[in-house]
Every structure is written in C-alpha cells, then in structure tokens.
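Undergrad: Protein chains in written order, with the numbering used here: chain E, 1 to 218; chain U, 219 to 436.
The beta-carbon is built from N, C-alpha and C at its ideal position, and this holds for glycine as well.
Predicted, not measured: the structure shown is a model, and the values here were computed from it.
Take a look at this one; I'll ask things after.
2 protein chains.
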Amino acid sequence: MRIGILGTGSVGQTLAGKLLTLGHEVTLGSRTATSSTGTAWAAAAGAKGHSGTFADAADFGEVVINATPGQVALAALEAAGEAALAGKVLVDVSNPLVFGPDGSVTLDPVNTDSVGERIQRRFPEARVVKTLNTLAAPVMVDPARVPGRHNLFVAGDDVEAKGRVTALLESFGWPGADIIDLGGIQAARGMEMLMPFWLGLMKHYGHTDFNYAFQVAD
Amino acid sequence: MRIGILGTGSVGQTLAGKLLTLGHEVTLGSRTATSSTGTAWAAAAGAKGHSGTFADAADFGEVVINATPGQVALAALEAAGEAALAGKVLVDVSNPLVFGPDGSVTLDPVNTDSVGERIQRRFPEARVVKTLNTLAAPVMVDPARVPGRHNLFVAGDDVEAKGRVTALLESFGWPGADIIDLGGIQAARGMEMLMPFWLGLMKHYGHTDFNYAFQVAD
Numbered sequence: 001m002r003i004g005i006l007g008t009g010s011v012g013q014t015l016a017g018k019l020l021t022l023g024h025e026v027t028l029g030s031r032t033a034t035s036s037t038g039t040a041w042a043a044a045a046g047a048k049g050h051s052g053t054f055a056d057a058a059d060f061g062e063v064v065i066n067a068t069p070g071q072v073a074l075a076a077l078e079a080a081g082e083a084a085l086a087g088k089v090l091v092d093v094s095n096p097l098v099f100g101p102d103g104s105v106t107l108d109p110v111n112t113d114s115v116g117e118r119i120q121r122r123f124p125e126a127r128v129v130k131t132l133n134t135l136a137a138p139v140m141v142d143p144a145r146v147p148g149r150h151n152l153f154v155a156g157d158d159v160e161a162k163g164r165v166t167a168l169l170e171s172f173g174w175p176g177a178d179i180i181d182l183g184g185i186q187a188a189r190g191m192e193m194l195m196p197f198w199l200g201l202m203k204h205y206g207h208t209d210f211n212y213a214f215q216v217a218d
Numbered sequence: 219m220r221i222g223i224l225g226t227g228s229v230g231q232t233l234a235g236k237l238l239t240l241g242h243e244v245t246l247g248s249r250t251a252t253s254s255t256g257t258a259w260a261a262a263a264g265a266k267g268h269s270g271t272f273a274d275a276a277d278f279g280e281v282v283i284n285a286t287p288g289q290v291a292l293a294a295l296e297a298a299g300e301a302a303l304a305g306k307v308l309v310d311v312s313n314p315l316v317f318g319p320d321g322s323v324t325l326d327p328v329n330t331d332s333v334g335e336r337i338q339r340r341f342p343e344a345r346v347v348k349t350l351n352t353l354a355a356p357v358m359v360d361p362a363r364v365p366g367r368h369n370l371f372v373a374g375d376d377v378e379a380k381g382r383v384t385a386l387l388e389s390f391g392w393p394g395a396d397i398i399d400l401g402g403i404q405a406a407r408g409m410e411m412l413m414p415f416w417l418g419l420m421k422h423y424g425h426t427d428f429n430y431a432f433q434v435a436d
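Following this line, the structure appears as structure tokens:
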C-alpha cells in the first residue's frame, strides 16, 4: 500500500519505518520539499521511502497519516490540500499539547472539541480515524515493549475506515481484540484528554513503556 | 475512626456503607439536617451511622470525604465551614461534570484547573487528597468486582495525608502496590480529565465494572 505521512518527527519516522518493514511504500511529508529531516530519512529508507511536501505525501498516499503536532495539524492538512484528502482514510495520531513558558502542559482544543473533530469538520470528504494518540511512538509499532495485554482505541464516523485502520494496527502486532472502538469522531475528545494523565504516569514510571490495559468484568 | 461524608448520593452512601462494615462511625451530611435521603440512611445504618448537615458531618469526621458532585463541591465545603476542615484529611472523590441540555457531558473546571486544586486553594489548612474519581462507586469499595489487578490513583500535596488515605483504600481491599501516587494536587487535573474517556468506555462495555490497569515494562 502507498501511505503518506505528514510530519517528520519521531512519531512520523517511527510509523514510516514500521510501514516500510511491512512492505508498504511511504512518502514522509513536511512543510518544505527540502526539509533536511525528510530528505535524510528518505535517503536512508531505500527505494520505497520518499520525502516531499505535505501535498506530495497526501497525493501519494492511499492512506494518509497526520503525525504533526495538534497545534499545527490543521495548517499541515490545509497545505496538503482538500482534494488530496477527499475520500481517503486519514489517520490522526496527534495531541493538542500546548507547552507553556512555565513548563505547564495544557490542551487546545479541549473539553468541547478536539483536533480529531476539527479535522473531520474541515475536511468532510476525508474519512478521519483517531487512534494511536494514547501511547508513545515506540510502543505504537511494537506492542511487545509493554508486557501482557493492553489496549488501543479507535474513533471515527466511518465504520469501513475504522476497519481498515484496525487491520493496519493488527499488522503492527496489536491483537484485534485489544483494539477498542469508542464510536464516532467525537470520542477523540476523551482520547485527547487522556494526555495530562498519561504525562503524570510518565513522570511516575520514569519512562514511556507503559499502556492502558482495561480490566473488565464478564 | 469517625468519618464525615458530604453527599448522600450513591457514591456517598456506598462509601458510608463500606466504612460501617469496617467498624468506623459515619455521619452522612447533606444540605439540610432533615434530608430524607440522609435520615433514611441513618435509620437503616444502626448505632454507628448518623446524618446531619454538611457542617455536622465535617465537625464529626476525623477524616472528611467530599462525595458531592464537582459542580457543588465548593459550596458544600463552604457550608461545612473552614474551621471544621482545618488540619483534617479531606478526600475529594468528585468529578466536575456538566450535563448539557443536548445530552453532552463536559467538565468545568478543566485543563488549567480542577476541583481538587480549587478545594485545596480555598481551604489551605485542609489536607486534600484526590482519589476514587476514576471508577464507579461499587468498584471503589469492592475491587474484586473487576477481575485481575487494576489501579487506583492518589494526588495531594500532603504526603502523610496520602499515606493515611492509601491505608484506608487498602482496608477497602485495594493492594497497596496497585495504588499509584501521581504527586501533588495539580495531578487532580489529569485524573478529572479521564472522565469523558471513561464515559465512552462505559458506553462501549455497557456497564461500569471495569477499571484502568496499567501494563508497564520492567
């Protein structure tokens, strides 16, 4: 499959690397075609790894992944272009983190809206699926870094799109039974609002190799 | 121990019932001394269960538990009175849920503040510990309703107060190793922001007998 990834940070590169090992072809997009991070990644990635602009990545992908931070996600997708996203599965893995000068971390939007919802509203022809924003990048593509069974979540209005994303996540090593469908894209709100708690746990554990693992009565 | 509980709803009554079975003496407080819920509970509770106003409950308790909803918690504690809370462990189990006319559920405060923090700021002499707001009342006092190991969280600025609350939670049946200390009272923010996600899971599972259970690499 051809996959376009917006964002050349650690999340984008981690997902891109995993997708290459699974045999997919990937274009990693950034603000400019000459991004040194993007071109360096493509040079190391071999024949199936490319870099380009956000628009190049979105045009290229049968599936598009937003791996830019929540604060710039809409601008990156605007640059990608509405036409390039129309009809496509658009996976949003972002969190709307705002880092304050005092070291505080808050969210914007929050509570009455979410990045996932904003993306779906702005690009109604895209089939937005929120997922993977609840854990660290290394665990996203290697669930065995964390012992036992643990959970991923998906939310989106397009059931078929969620099915395709779930299949992709299963190819990463996630058992389908551990992937919880929270319903429509409005559930992105709750998923994004987990982040302050997750950051508290990261401080508590001193690392990011942990994950939500719900225990449930029969 | 003498414990004052503010709030006669299902959370207050569930905690009160458990505390009685553990041999504690409980006063359940509400807005008026003649609250039919409070007096009915006390009549059924036997010699060690009493009802009264918020002030009666706070005066009575060596430990005070806020089991009123987040939207009215500060007013209930104002009615209890600053003097009655000074120096005491004050357990806050509330969530700042706002139920909209359209069926929406949001939080107020959120993101840059929390009920836990507001209570600690307003009553600086109280030793506020946030806990138990992340799960349903029946599971609070009977962790075995949910299979396997699963987690509780505590947050507060007073380390000794957190130790006393942790001991109380252990007496409910929670293994100490499963109770995660998230640090100061500001961590109440992340704990309260779990609620929209938790409500999504409740819809997904169709019941409330589930709980957070973190899996963590060694």
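When we look at the beta-carbon of Phe60 (chain E) and count the other beta-carbons within 10 Å, is it buried (16 or more) or exposed?
TA: Burial call: buried.
Undergrad: Run through the DSSP bridge pairs and tell me what Lys203 (chain E) is partnered with.
TA: Bridge partners of Lys203 (chain E): none, in fact.
Undergrad: Verify whether the separation of the beta carbon atoms of Gly4 (chain E) and Ala58 (chain E) is less than 8 angstroms.
TA: In this structure, Ala58 (chain E) lies closer than 8 angstroms to Gly4 (chain E) by Cβ.
Undergrad: With a Cβ-Cβ cutoff of 8 angstroms, do Phe214 (chain E) and Leu201 (chain E) count as a contact?
TA: Cβ atoms of Phe214 (chain E) and Leu201 (chain E): not closer than 8 angstroms.
Undergrad: Of all the residues that make up the region 395-410 of chain U, which are near chain E by a beta-carbon distance shorter than 8 angstroms?
TA: Answer in chain order: Ile398, Asp399, Leu400, Gly401, Ala405, Arg407, Gly408 and Met409.
Undergrad: Mind pulling the chain E residues with CB within less than 9 angstroms of Leu350 (chain U)?
TA: Under the 9 angstroms cutoff, chain E gives no residues; its nearest Cβ is about 15 angstroms from Leu350 (chain U).
Undergrad: Using only alpha-carbon positions, find the residue among U:Thr257, U:Phe272, U:Val372 and U:Ala435 that is nearest to Val309 (chain U).
TA: It is U:Val372 whose Cα lies nearest to the Cα of Val309 (chain U).
Undergrad: Can you have a look at Gly156 (chain E) and say buried or exposed, based on whether 16 or more other CB atoms are within 10 angstroms of its CB?
TA: Label assigned to Gly156 (chain E): buried.
Undergrad: Contact criterion: CB-CB distance below 8 angstroms. Does Lys421 (chain U) meet it with respect to chain E?
TA: Closer than 8 angstroms: yes.
Undergrad: List the residues that DSSP assigns as beta-bridge partners of Tyr50 (chain E).
TA: Reading the sequence as shown, one finds His at residue 50 (chain E) and not Tyr. E:Thr27.
Undergrad: What runs of the alpha helix (DSSP H), each 4 residues or longer, lie entirely inside the region 308-393 of chain U?
TA: Those alpha helix (DSSP H) runs which fall completely within the region 308-393 of chain U and span 4+ residues are 333-340, 355-358 and 377-389.
Undergrad: Where does Asp399 (chain U) fall in DSSP's three states?
TA: If DSSP states are grouped into helix, strand and coil, Asp399 (chain U) belongs with the strands.
Undergrad: Which of helix, strand or coil does DSSP assign to Val290 (chain U)?
TA: Looking at Val290 (chain U) - three-state DSSP - the assignment turns out to be coil, as it is neither helix nor strand.
Undergrad: Leaving out the 5 sequence neighbours to the left and right, which residues in its chain are closer than 6 angstroms to Glu296 (chain U) when beta-carbon positions are compared?
TA: Contacts found: none.
Undergrad: Can you list the residues of chain E that Ala355 (chain U) reaches, using a CB-CB cut of under 9 angstroms?
TA: Neighbours of Ala355 (chain U) on chain E: none; closest Cβ ~15 angstroms, over 9 angstroms.
Undergrad: Apart from the five residues just before and just after Leu412 (chain U), which ones in its own chain have a Cβ nearer than 6 angstroms to its Cβ?
TA: Excluding residues within five positions, the ones whose Cβ falls inside 6 angstroms are Thr352.
Undergrad: Compute the Euclidean distance between the alpha carbons of Val285 (chain E) and Gly184 (chain E), then round it to the nearest angstrom.
TA: Outside the shown range of chain E (1 to 218) lies residue 285 (chain E), about which nothing can therefore be said.
Undergrad: Listed from N- to C-terminal order along the chain, which residues in the region 15-31 of chain E have their beta-carbon within a distance smaller than 8 angstroms of any beta-carbon of chain U?
TA: Within the region 15-31 of chain E, no residue has a Cβ that lies closer than 8 angstroms to any Cβ of chain U.
Undergrad: Going by C-alpha to C-alpha distance, which of E:Arg121, E:Asp102, E:Asn95 and E:Lys48 sits closest to Pro109 (chain E)?
TA: Residue E:Asn95 is the option with its Cα nearest to Pro109 (chain E).
Undergrad: At a CB distance below 8 angstroms, what residues from the region 381-395 of chain U approach chain E? Give them in sequence order.
TA: Answer set for the region 381-395 of chain U: empty.
Undergrad: Under 8 angstroms, do Leu350 (chain U) and Val323 (chain U) count as touching if we go by C-beta distance?
TA: Taking 8 angstroms as the Cβ cut-off, Leu350 (chain U) and Val323 (chain U) do not qualify as a contacting pair.
Undergrad: Contact criterion: CB-CB distance below 8 angstroms. Does Val328 (chain U) meet it with respect to chain E?
TA: Judged by the 8 angstroms Cβ criterion, Val328 (chain U) is in contact with chain E.
Undergrad: Hey, does Val154 (chain E) have any beta-carbon neighbour from chain U nearer than 8 angstroms?
TA: For Val154 (chain E), the answer is no, since every Cβ of chain U falls outside 8 angstroms of its Cβ.
Undergrad: With a cut-off of 8 angstroms, does the C-beta of Arg336 (chain U) fall near any C-beta of chain E?
TA: Not closer than 8 angstroms to any Cβ of chain E, the Cβ of Arg336 (chain U) fails to qualify, so no.
Undergrad: Where does Phe210 (chain E) sit, in a helix, a strand or coil, going by DSSP?
TA: Phe210 (chain E) falls in the strand class under three-state DSSP.
Undergrad: From Glu82 (chain E) to Met1 (chain E), what does the alpha carbon distance come to, in whole angstroms?
TA: Roughly 21 angstroms between the two C-alpha positions.
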